[in-house]
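Written out below as structure tokens is the structure these notes cover.
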Amino acid sequence: MRKFIWIACIALLFLGIFFLAGKKMKQRWIVEKTIKSEHWQQRNQIISEAKANKYKVIFLGNSLTEMWDVNYYFNDSTLLNAGITGDFSEGLTKRLDNITKLKPEKLFIEIGINDMIEKISLDEICDNYREVIKTIQTQSPQTKIFIQSNLPVIINRPSFLTDDKDVNNRVLQQNENLKKIAKEFNLTYIDIHSVFIKYPNLQDLFIPDGIHLTPTAYNLWKTILTPYLYTK
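Our numbering puts the sequence shown at residues 32 to 263.
This is the structure:
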């Protein structure tokens with residue numbers, strides 16, 4: 032009996048190791064696939080062709096940023112949208128030269144929801160954040176960096192791999208991490224999450240996938256950012 036228990040324990044240990052290894056391999060695969068994708072490469076190329084001294088403010092992020100027509104919403108042609116759909120926090124570390132060479136006055140960062148949906152560790156996301164911040168501060172020291180909180184989701188498709196409760200718990204934990212990172216580097220943290228979550232009808236802020244945003248949400252986001260955008 033004791034021998035059977037030992038065998039079972041060893042089998043469970045190996046299953047756990049294989050599960051963790053497989054999970055990590057999947058995460059690496061999807062991050063690398065995204066960075067090598069045609070869309071990521073094309074968007075990065077477009078951003079790299081932005082003219083120096085044209086943009087005072089850059090919005091850096093994933094699809095939540097890319098899908099936001101900031102020039103229209105703010106009626107301001109000096110804003111550059113540097114969002115790339117599907118991007119991960121690691122992706123930002125790969126394309127900072129195209130951002131820092133523009134020497135913007137202000138930079139608003141929004142990233143992390145794709146990492147959290149794929150269950151990439153919060154520690155890894157934070158490490159990427161720190162690398163992004165240090166690179167910007169080294170290559171464009173005059174740029175004022177703003178860290179935006181991650182937003183809630185209403186995925187509504189419970190599964191073993193992903194559901195909104197799990198992702199939202201990770202979002203809350205990560206937002207606390209972002210507050211600490213902002214304090215660590217003496218940056219401004221902007222809490223968009225709290226405003227969104229208090230909105231009378233949260234459903235109105237999301238398109239059917241429960242992640243991406245409606246014009247109502249973007250108008251709300253605009254209202255939150257405007258004081259940071261247009262004050263010294």
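Each residue gets a CB set at the ideal place from its N, CA and C atoms; glycine is no exception.
Bridge partners - residue i, DSSP secondary structure assignment
i                 : result
valine 88         : Leu110, Lys137
leucine 127       : Leucine 127 pairs with nothing; no bridge assigned.
isoleucine 178    : Ile140, Tyr220
phenylalanine 119 : Looking at the DSSP assignment, phenylalanine 119 forms no beta bridge with any residue, so it has no partner.
leucine 244       : Phe237
Neighbourhood of residue i by C-beta distance below 8 Å, restricted to the same chain and skipping five residues each side
i                 : result
isoleucine 144    : Asn93, Leu95, Asn181, Leu182, Val184, Val198, Val202, Ile242
phenylalanine 191 : Model confidence at phenylalanine 191 stands at a pLDDT of 46, short of 50, so the residue's coordinates are unreliable and nothing is read from them.
serine 68         : Gly117
leucine 233       : Pro183, Ile185, Phe227
Burial state of residue i, where buried means 16 or more other Cβ atoms lie within 10 Å
i              : result
methionine 147 : buried
serine 225     : exposed
threonine 109  : exposed
glutamine 205  : buried
tyrosine 86    : buried
proline 135    : buried
aspartate 235  : exposed
glutamate 141  : buried
serine 152     : exposed
alanine 248    : buried
alanine 213    : buried
threonine 262  : exposed
aspartate 154  : exposed
tryptophan 60  : exposed
aspartate 118  : buried
Own chain, CB closer than 6 Å to residue i, minus 5 neighbours either side, in chain order
i              : result
cysteine 157   : Asn208
glutamate 121  : Val62, Asn159
isoleucine 78  : Ala113, Asn129
tyrosine 103   : none
isoleucine 218 : Isoleucine is not the amino acid found at residue 218; the sequence shown has leucine there. Cβ within range, chain order: Ile176, Ile178.
lysine 253     : Tyr104
glutamine 58   : Glu149, Ile151
threonine 257  : none
Nearest-angstrom Cβ-Cβ length linking residue i and residue j, presumed shorter than 8 Å
i                 : j             : result
phenylalanine 227 : leucine 251   : 7 Å
threonine 169     : lysine 137    : Contact flag wrong, Cβ pair sits at about 17 Å.
leucine 123       : valine 88     : About 17 Å separates the two Cβ atoms, so there is no contact after all.
isoleucine 115    : asparagine 75 : 7 Å
Chain-order list of residues whose beta-carbon lies under 7 Å from that of residue i (same chain, five-residue window excluded)
i             : result
threonine 245 : Asp235, Leu236, Phe237, Ile238
alanine 81    : Leu111, Leu133
alanine 52    : Caution applies to alanine 52, whose pLDDT of 49 falls short of 50 and renders its modelled position unreliable; the model cannot decide the point.
aspartate 222 : Ser180
lysine 125    : Ile66
arginine 161  : Ile212
is_contact[residue i, chain D] using C-beta, thresh 8 Å
i             : result
glutamine 205 : Any reference to chain D falls outside this structure, which holds one protein chain only.
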